[in-house]
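Numbering-wise (the working numbering), the sequence shown opens with residue 23 and increments by one.
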Amino acid sequence: MPYFIGIDCATRPQKTGVALGVLHDDRVIIERCTTGDRRRGALELILDWVSKDDDVILGLDAPLGWPEAMGQQLAHHQAGMGLTAEPHAMFRRYTDTAIKQRLGKQPLDVGSNLIARTAHMALTLLQQLRDATGLPIPLAWDPDEDARWRAIEVYPAATRLVHGVRDRGGHLSGLEAVLDWSRVTDVVTASDDAADAVVCVLAAADFYRGRTCPPDNEAVARREGWIWAGSLPDQD
C-alpha cells in the first residue's frame, strides 16, 4: 500500500502545503500535514517523511504540462509576428476542457502569470526529487503501474466536487466520510494551503483505487498533462 503525498504548489515555500496520508478501510488517514518555510520547503519535507524505498504516489496541484498549441506557436515566434492558434488553444489544455465539461469547473489557464510560475515550481520540485532519490518518478497513467515513486496532477476543486462537496478552496467540510484529518486539525484549520494539500492526498488515493477518469486521447494528455479526478456522483 503506498503513501500518498499531496502538494498544494505555490511559488513561495510558506504558501506550499504538504500532506501525507495512507488508506485504511477505504478511508484516507492523514498522518502529517504542514506548510513550508524558508528553511524547509516541500522537497525537504517529503524526503524527511518517506524513503526512496517506499511506495509513493505524489499528487501535485499544479499544471505539469503546457498546451500543445502554445509550444508549436512559440517555438519559432519572433516579436511582432501573428499567431494562428485561437486563444483557448494557446492557453488552455485538453484536460482543462475535459474538467469543465465533466464537472462544470474551469481550471485556470496554465499560460496565466501566477499559474505558469506555479507550474515551473512543481516541475522543478519533481526534478529535485528525482535527483535526490535517484528514481525516475514518472507521471503515472495507470494505477497498476509498478514504479516505486510516481506523480500525478490533481485539482482540489475537482476532487471536492467529485465527492459531493461544493467547491470552496481551503476547507474540508463534507469530506469526513472519506478523510480523517484528526491528527492535523490545528494545521488545516490555520492554513488553506494545508487543507488543499489534504485534498490532494485524497485525489492521489482516488487515482490509486481506480476512481478517476483517464483521458480519451492519451497521446495529447501525455504531452500536455492530465488532471486526475472522477465524475460527479450522478454521472457514475
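Each residue gets a CB set at the ideal place from its N, CA and C atoms; glycine is no exception.
- With distances taken between CA atoms, Arg61 lies nearest to Gln36 out of Ser73, Gln36 and Arg54.
- In the DSSP assignment, Leu125 falls within the unbroken alpha helix (DSSP H) covering Tyr116 to Leu125.
- Looking at the DSSP output, Ile29 bridges to Val40 and Leu82.
- Pro178 places its beta carbon 8 Å or farther from that of Cys235.
- Gly81 places its beta carbon 8 Å or farther from that of Gly156.
- Annotation: the continuous beta strand (DSSP E) that includes Thr57 extends over Arg49 to Thr57.
- Nearest to Asp75 by C-alpha distance, out of Pro24, Ala138 and Ala120, is Pro24.
- One alpha carbon belongs to Thr106, the other to Gln95, and they sit about 8 Å apart.
- Counted as a single uninterrupted DSSP element, the alpha helix (DSSP H) harbouring Arg245 occupies residues Glu240 to Glu246.
- Residue pairing of Asp202 in beta bridges, as defined by DSSP: Ile51.
- Taking C-beta atoms as the reference points, Val200 and Val72 fail to come closer than 8 Å.
- The Cβ atoms of Ala216 and Ile174 do not sit closer than 8 Å to each other.
- Close CB contacts of Arg245 within its chain, under the 7 Å cut and outside five residues either way in sequence, are with Gly87 and Glu90 (chain order).
- The three-state reading of DSSP puts Glu167 in coil, since its state is none of H, G, I, E or B.
- Residue pairing by DSSP puts Ala173 in a beta bridge opposite Leu80 and Leu161.
- Of the residues assessed, Arg172 falls on the buried side of the cut-off, its CB having 16 or more other CB atoms within 10 angstroms.
- DSSP places Met92 in the uninterrupted alpha helix (DSSP H) bounded by Glu90 to Leu96.
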